[in-house]
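Contents: one structure, followed by commentary.
In the working numbering, the protein residues as written are 3 to 333.
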């Protein structure tokens, strides 16, 4: 019994550390991305930046509103946040998931048009149309995730409050398959098709005009960054969907091993929300410059605050010295 207790305790600590790391990296990284996009002055003029901003908002909302509550499911014996948050947290998980994958699909189409049809798509790829697309993405995400407001409920099982699925098995199977098809499979096919055609076009087409080829190279750098982000999303969320599919259609007994697999699938899926800023920093020199500028501004503010504090301290010290000299003279 003592060995089992120690194993469970170590497991709880590791889960807490994993989710805490995701939370801290996600908050810092996505906040920095949004700050850089807002500071560079191109958020309202560059369609790709607008899509990246939408993606950053989705990731940040996921980190703030989902991760802290989700970790308690694996570390506490029961759900302690009430029935409203039980529904809201799971609704937000799927809302941000849909918003992320739909945004990645939209930006893949944007990249395809920008590279394969640069002149013809100039009137289509406008900031106004990008904003319309982003609004449509969030509306669709809201519609697709709305059923999850009733999918989960707080239930009392043998005196223990749990936040668990409340639907019957058959509607749950239909809903989970619906989520897999529209929240993963179809967007994955869209991403595969658009980026395959985009990469094929870049490799096979030759443009003799130097300026155009340089422009194409810069577009390819942006596209490469978005491709990496899209691939990471698909890889990170794949284990979660596989676990759900195996649970309904394969051999997935409820034991300690499968419990660990479910935890790992959730950790990997949630880690995706803190990976995008790392990708931007590694692939894009513009983001690297923005990150360095943000850090340098932060360091300068600290230096200015420190300089402002020092004279005040010296003034107080000199005043105290003068007062003590006056006292000694008077004596």
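Where is the CB? At the ideal position from N, CA and C, for every residue including glycine.
Query, Result
"With which residues is residue 34 paired in a DSSP beta bridge?", "Paired residue(s): none; residue 34 is not in a bridge."
"Measure the alpha-carbon distance for residue 283 versus residue 291 and round it to whole angstroms.", "9 Å"
"On the CB-based measure, 16 or more other CB atoms within 10 Å of its CB, does residue 180 come out buried or exposed?", "exposed"
"Look at residue 241 and residue 266 and say whether their C-beta atoms are less than 8 Å apart.", "yes"
"Quick one: is the Cβ of residue 99 within less than 7 Å of any heavy atom of the ligand MG?", "Absence of the ligand MG from the depicted structure is noted, as is the absence of any ligand whatsoever, leaving it without description."
"Please return the same chain residues whose Cβ sits closer than 8 Å to the Cβ of residue 236, not counting the five positions on each side in sequence.", "186, 190 and 193"
"If we count the other Cβ atoms within 10 Å of its Cβ and call it buried at 16 or more, is residue 255 buried or exposed?", "exposed"
"Among 177, 16, 47 and 54, which has the Cα closest to the Cα of residue 279?", "54"
"Quick one: Cα of residue 211 to Cα of residue 221, how far?", "Note that residue 211 has pLDDT 44, beneath the 50 cutoff, so the model's placement of it is unreliable and the number below is only indicative. Distance between the alpha carbons of residue 211 and residue 221: 15 Å."
"So, with DSSP's three-state summary, where would you put residue 155?", "strand"
"Tell whether a beta-carbon distance below 8 Å holds between residue 82 and residue 74.", "yes"
"Compare the Cα-Cα distances from residue 131 to each of 102, 106 and 48 and report the closest residue.", "48"
"Between 161, 268, 92 and 94, which has its C-alpha nearest residue 80's C-alpha?", "161"
"DSSP on residue 164, reduced to helix/strand/coil?", "strand"
"Please tell me whether residue 19 has its Cβ less than 8 Å away from any Cβ of chain C.", "The displayed structure is made up of one protein chain only, and chain C is not part of it."
"Roughly how far, in whole angstroms, is the beta-carbon of residue 108 from the beta-carbon of residue 139, given that I think they are within contact range, below 8 Å?", "6 Å"
"Alpha carbon to alpha carbon, how far is residue 206 from residue 22? Give it in angstroms, no decimals.", "46 Å"
"In three-state terms, what does DSSP make of residue 74?", "helix"
"Should residue 58 be labelled buried (16 or more other beta-carbon atoms within 10 Å of its own) or exposed?", "buried"
"Suppose you measure from the CA of residue 277 to the CA of residue 28; what does that come to, to the nearest Å?", "8 Å"
"Taking 8 Å as the cut-off, decide whether the C-beta atoms of residue 201 and residue 285 are in contact.", "no"
"For the alpha helix (DSSP H) containing residue 45, list its first residue and its last residue.", "Taken as a continuous stretch (DSSP letters only), residue 45 belongs to no alpha helix (DSSP H), as it is neither H nor E."
"Enumerate in chain order the residues of its own chain whose CB-to-CB distance from residue 111 is below 8 Å, with the five nearest sequence positions on each side excluded.", "192 and 196"
"Alpha carbon to alpha carbon, how far is residue 17 from residue 105?", "29 Å"
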